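For reference, the structure is listed below as C-alpha cells.
2 protein chains.
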Amino acid sequence: MQQVKLYDTTLRDGSQGEGISFSVNDKIRIAKKLDYLGVHYIEGGWPGSNPKDMGFFKEARNIRFKHAEVVGFGSTKRAKMSPAKDTNLKALLRAGTKTVAIFGKSWDLHATGVLGVSLQENLSMINETVEYLKSKKLNVLYDAEHFFDGYCRNRDYALETLRAAVRAGCDAIVLCDTNGGMITSELGTIVRAITAEFGNTELGIHTHNDSGMAVANTVAAVDAGCSMVQGTINGYGERCGNADLCVVIPNLQLKMGRKCLSDAKLKELTEVSHYVSEVANMRHRDGQPFVGRSAFAHKGGVHVNAVMKNPETYEHVKPDVVGNHRRILVSELSGKTSIILKAKEMELDLSKDDPKTRKILKLVQNLESQGYYFEAADGSFELLMKKALKKHKPFFTLEGFNVNIEKRENNTLVSEATIKVKVNRKEEHTVAEGDGPVNALDNALRKALNKFYPTLAKMHLSDFKVRVLDEKAGTAGKVRVLIQSQDERSSWGTVGVSKNIIEASWQALVDSVEYKLLKDKTK
Amino acid sequence: MQQVKLYDTTLRDGSQGEGISFSVNDKIRIAKKLDYLGVHYIEGGWPGSNPKDMGFFKEARNIRFKHAEVVGFGSTKRAKMSPAKDTNLKALLRAGTKTVAIFGKSWDLHATGVLGVSLQENLSMINETVEYLKSKKLNVLYDAEHFFDGYCRNRDYALETLRAAVRAGCDAIVLCDTNGGMITSELGTIVRAITAEFGNTELGIHTHNDSGMAVANTVAAVDAGCSMVQGTINGYGERCGNADLCVVIPNLQLKMGRKCLSDAKLKELTEVSHYVSEVANMRHRDGQPFVGRSAFAHKGGVHVNAVMKNPETYEHVKPDVVGNHRRILVSELSGKTSIILKAKEMELDLSKDDPKTRKILKLVQNLESQGYYFEAADGSFELLMKKALKKHKPFFTLEGFNVNIEKRENNTLVSEATIKVKVNRKEEHTVAEGDGPVNALDNALRKALNKFYPTLAKMHLSDFKVRVLDEKAGTAGKVRVLIQSQDERSSWGTVGVSKNIIEASWQALVDSVEYKLLKDKTK
C-alpha cells in the first residue's frame, strides 16, 4: 500500500477554532497522544505570532517522541528585510525543530491587497525565506496559502509562487484551500495539473470545511497525487474547521488503499478522538463519521433487523476497525478485550471467559451510560476494577460533609467545609476554608487524613475539568468532573458524575486520594 | 440557471437520527417552515411502518402549502402478493398524497439475504408496485436503496432493478447511497454512467454521511446529471446523518450555478436551520458550514486584519447571502479593530481614535489577563462595552447570598441557596433548593426577580462550562465559567472568573440575566 504522511495541526490551526484554548500542558498531552497514534508530523504552533507557543516547543524538546516529528510554523519574511533579521523567523529558529512549515501568499489579492507588496516582492519573500531556512539545514515545507483561490483567479501567478519555493529547494509543497470554499471535482482537477508540473516535489493538501467538503477534498487530492495530508483531530479549526483526520484516515486506508497507520493504531482512532475532545473541553460529536457515538448506531426497525442478519447491510465499514462499536437496542458487545488489556497493565490476571471479566464489563457499561468516562480517568478505572475484584479496601470512610459559601454585601466571599471521616475506627472531624468549595473540601479532607497518611502532602491536583452532560437541563444537568492529580512520580486521572457539582467533585477527589494511597502501598 | 428540485426528508429519514423524536405538531411546524423556505417536496413519513406518521398526513391535508408538495414514503409490496392487498401500500394510499416515494432493493445481497426473495421476484416486486401506484394516477418516485453498493457488487443486477422501475412508468429514479460509504469520485463516475442510460427519466440523489462526504457526493451527483436532491435540514439522520440541505443548497446555488431557491429565500437559510434545531431540540452545531454560528467567525489576528481590508480574503461566500453574519472573536490576539467591529455589530458608533475605544481595549486586555475569555461570551462583552460607555443601568443589585451543600451519612445531599437582592429599592430575600449549588442559586435568583421581570421565564441556560485557569494550583486555581443561555429567539454566552467556582458562576449568571433583560428592553 502506498504510504500517506499524516500532518496534524490540531495544536496550531485547531486552536484557532472557536471555543478552543489549549494550555501548554494540554498541548503536550495531545502531542504525546498523536505520537502514540502514529502521525508523522505534529505542528506545535506559531512561535513568531504567539509567545505562549514557545513554551510548548521548549517542553517538547525534552520529550522523546517515538514516531512523530514536531514542526514549527511561521510566515515568509517581511518585505525588504533580510530573513536573518526577521523576528518571526528568529522565533521559528529558536523553537528548535528540524522541520518547519512556512506559509506564503499564492493569491495575488493577498500579496497586493493585504500584505501591500508587489507581486514580484512576494515571490522574493517566498524564495528568500525558503532559501534561508534551507541554509540552516532544515526540512522546509512550503504552505501555499489560498492556493486554490489564487489559481482560479490568476493561475500563472499562483504557479509562479510555487516555482519560487521549489527553486529555493523546499522539501514539500502544501496546497491550501484556506477559505475552504472549493468543490471536490474542481479541486481534484487542479491538483492533477499541479502533479503534472511539480511531481518531483512532495505534495501535501490542507483543506478547510466551509463548503462541507474538507474530507472529500482531501481524499480527492490524494487520489490526484498528494502524498501528505494536513488536518486536525475532530476537524477543529477556524470557522467550520479543518479536514477531520479522524475521518480522512479511515477513508484513505479502508477505501482508497493508502497506508496511513498500522491496523493496530487505526483501532485506537476512536479513543484518540475522544481523548482530544476531553482535553479541548469540547463536546464530542455523536454523528462524527467513523468515531462518533452514533456512527454505527442503528435505530430504524428495518435497519436493526438487517444488521442482525448481516452488519454489512447497513454499515459501510466494520466499526471495530476504527475502535468504535455497533450500538443497537441489544447490549453492547465490544469491550471485553479492553478490560483484559487494562487488567494486564495493572498486573491483574483476567481471561475472556472469566465471569469477573463479564461483571466488570457490565459495571463499566452501566457507569458509562450514566455519564462516567474512564478514558481520561485511569485512576478511577483501576480502583473500580480492584473493587470489583475485591482487591481494594478503602483507606477511610466518609460520615458526612457540609460546604458553605457566603457572599456579603461588602463583596467578601467565604467558603468553608466541614468533614467527618473515619480512619481505622478513629473519627476525625475537621473544618477548613478554601478559595472555593472544592478547595475547601480538599483542604478539610487532607487535614483529616494527613496524620494517618503523610505521603498525601506530596500529591496535588493539577487539573480540574467540568462538563455538563445533559446540556438541555442547563445548571440542573448532570455534571462530570475530571480531576488530574500528580505527585513527584506520576500523574493520574479520576472522575465523578452527579447532578451536583460538589458531589461529582467529591467522588473524583476521593478516588484521587485513594489512588495515591493505593499506589504508595503497592509500591 | 438550471433548476434543482429539493426533496426534504427531515420528517422521515431525519427522524431516524439518534436523539430525535418529532411529535405530529413538531412535524407540522417544520413542514410549514420548509414550505416557507421553498423546498419542492416534503417527505412526511412512512405511514405503513409508523402509525404516528399517519397523523401527520391527516393534518397536512388541511394545510394549504404554497410551494411544497407532501410526499408519502413506503416500500415495494411483499413477495407473492397482489399490490392491492399489501397493507403497507394500502396505508400509503390512505395517506392521500399526490406523490409517493417507493423504495426497493438494488443490491442482490439485500434481496436474497434480507428479504429472502429470489432476484427475479425482487424485480417483479419493484415493477408491479410502481405499475400499481401509477394506475392510481400518482406521481411515483422510485428510491433505489443501496444503489451504489449494489452497483459496485453486481452492476448488471442493479441496473435491472432500475429498468424494472422505469418500465413500470416511474416518474423519477432516486439513486441512494444508503450506507453512506461512497467516495466522491467513484460516485460521480457511476452517476454519469446512469445518466447515459436513464437520461430520459428524472434522476435524484440521496446520500448519507458515513464517509463524511454526503454533501460532496450530492453536489457531484448533480454535476453528473441528477436534478433532484434529497437531504435533511442540519443533516439529521441515522448514524452520521443525511446530506445537509443547509450546506448542499448554497453550494449548488452559489458555486455550481444551479437554482434551488430564490435569492430572498436563500437568505432565510440560517434562520430555518436554527428553527428546525429548536423544534428538534438538538443543539445547533457552531461549525456547520454556511449556517453555523462560527461559519464566518474570525479569531486569528492575521485573519481579522485581512478581513477588515477585504472580507473575500478569508470568506468563501458573503455571509448575508445565506442570512448569516460575520463575527469577530475577541480573543487574546484582539486589537482595536476587533473592538470597533464588535461595536458596529451592536450598532454602537466607535472610531479608532475615540478615547473610549482605547479605554475599552485596555479594559478587555486587563480582564483577559485575569482569565476572562470573551470569544464565547458575546453577552458579557456587550454588557462590558455598554457599561464602559455608560449606556447600562443594572436591573438589580445583590446584597448577599449564601449557598450550603450538605452530605449526610445516609448519602443524601441537599443544596440550598438564599439570596438578597434589591430591585427598584424593593428588597427581595428568597431561598431555593437545587440539584447543585449553581442551580440552587439560579432558582433563588429567578424567584427573587420573576415578578419584576416576567420574561425571564422564557429564558433558560443551555450550556455550562468550567475551566481551571491556573492548572498547577489544582482546586485552588482560578476558575472560568462560561454559560450559554437562550430564549425562543436567540442564544448568548456570558463569562465569570474567580478562584471560587460559585462566584464565577454567579458572575456569568448575573450577566446572562442582565443581557436577557437588556435585549428585551431595547427590542
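Each protein sequence line maps, in turn, to chains A and B.
Just so we're aligned: 28 in our numbering is position 28 of the first sequence, and the numbers increase by one with no gaps anywhere.
To get our numbering, take the position in the second sequence, counting from 1, and add 1000.
Glycine included, each C-beta is placed from N, C-alpha and C at the ideal position.
Remember, predicted model here, so these are calculated numbers, not experimental data.
Practice task
Using a Cβ cut-off of 8 Å (strictly closer), state whether residue 437/A contacts chain B.
Solution key: yes
Practice task
For residue 1503/B, name the three-state secondary structure that DSSP assigns.
Solution key: helix
Handout entry: Where residue 1289/B meets chain A, residues with beta-carbon distance less than 7 Å
Key = 209, 210, 211, 212, 240
Practice task
List the DSSP bridge partners of residue 228/A.
Solution key: 5/A, 204/A
Practice task
Please report the residue range of the alpha helix (DSSP H) in which residue 1016/B lies.
Solution key: Careful: residue 1016/B lies outside any alpha helix (DSSP H) and carries neither H nor E.
Problem - Partner residues on chain A for residue 1376/B, Cβ-Cβ distance less than 8 Å - result: 18, 19
Problem - From 1212/B, 1043/B, 1195/B, 1512/B, residue whose alpha carbon lies closest to that of residue 1378/B - result: 1512/B
Handout entry: Backbone secondary structure at residue 1340/B - three-state DSSP
Key = helix
Practice task
Compare the C-beta of residue 1381/B against all C-beta atoms of chain A and say whether one is closer than 8 Å.
Solution key: no
Practice task
Please compile the residues from chain B whose C-beta is within a distance smaller than 8 Å of the C-beta of residue 309/A.
Solution key: 1113, 1114
Exercise for the section: Go ahead and pull the three-state DSSP assignment for residue 1261/B. Expected result: coil
Practice task
Below 8 Å between beta carbons is the criterion; list the residues of the segment 183-210 of chain A that meet it against any residue of chain B, in chain order.
Solution key: 183, 184, 185, 188, 209, 210
Handout entry: Cβ of residue 313/A within 8 Å of any chain D Cβ
Key = Absent from the structure is chain D; the protein chains it does hold are A and B.
Exercise for the section: For residue 40/A, verify whether its CB is less than 7 Å away from any heavy atom of the ligand FAD. Expected result: No copy of the ligand FAD appears in this structure; indeed no ligand is present at all.
Exercise for the section: Enumerate in chain order the residues of its own chain whose CB-to-CB distance from residue 1434/B is below 6 Å, with the five nearest sequence positions on each side excluded. Expected result: 1415, 1440, 1443
Problem - residue 1478/B burial status per 10 Å Cβ neighbour count (16 or more: buried) - result: buried
Practice task
Quick one: grab the DSSP three-state call for residue 99/A.
Solution key: strand
Practice task
Pick helix, strand or coil for residue 65/A, following the three-state DSSP scheme.
Solution key: coil
Exercise for the section: Return the first residue and the last residue of the alpha helix (DSSP H) that residue 246/A is part of. Expected result: 245-250
Handout entry: Delimiting residues of the alpha helix (DSSP H) encompassing residue 1416/B
Key = Taken as a continuous stretch (DSSP letters only), residue 1416/B belongs to no alpha helix (DSSP H), being part of the beta strand (DSSP E) at 1413-1423.
Exercise for the section: Rank 77/A, 366/A, 17/A by C-alpha distance to the C-alpha of residue 133/A and give the top, closest one. Expected result: 77/A
Exercise for the section: Take the Cβ of residue 105/A as the centre, count every other Cβ of all protein chains shown within 10 Å, and call the residue buried at 16 or more, exposed below. Expected result: buried
Handout entry: Counted within 10 angstroms of its Cβ, other Cβ atoms place residue 1303/B as buried (16 or more) or exposed
Key = buried
Problem - residue 1086/B at chain A interface by Cβ criterion, 8 Å - result: no
Practice task
Compute the beta-carbon to beta-carbon distance between residue 1059/B and residue 1024/B, rounded to the nearest angstrom, for a pair I have assumed lies under 8 Å.
Solution key: 6 Å
Problem - Partners in chain A for residue 1479/B, counting only beta-carbon separations shorter than 7 Å - result: 436
Handout entry: Test item: CB-CB of residue 244/A and residue 1185/B under 8 Å
Key = no
Exercise for the section: Kindly confirm or deny that the segment 417-434 of chain A and the segment 385-401 of chain A touch, where touching means at least three C-beta pairs closer than 8 Å. Expected result: yes
Handout entry: Inter-stretch contact at 8 Å, needing at least 3 Cβ pairs: the segment 1291-1299 of chain B / the segment 1350-1370 of chain B
Key = no
Exercise for the section: Taking 8 Å as the cut-off, decide whether the C-beta atoms of residue 88/A and residue 48/A are in contact. Expected result: yes
Exercise for the section: Have a look at residue 52/A and residue 1053/B and give me their C-alpha separation to the nearest angstrom. Expected result: 56 Å
Handout entry: CB of residue 1145/B within 8 Å of CB of residue 1178/B, strictly
Key = yes
Practice task
Please list the partners that residue 110/A has in chain B, where partner means a Cβ-to-Cβ separation under 8 Å.
Solution key: 1306, 1313
Exercise for the section: Assign residue 143/A to one of two classes, buried (16 or more other C-beta atoms within 10 Å of its C-beta) or exposed (fewer than that). Expected result: buried
Handout entry: Runs of alpha helix (DSSP H) wholly within the segment 1113-1167 of chain B (minimum 4 residues, chain order)
Key = 1119-1135, 1147-1153, 1155-1167
Handout entry: DSSP-derived helix/strand/coil call for residue 1453/B
Key = coil
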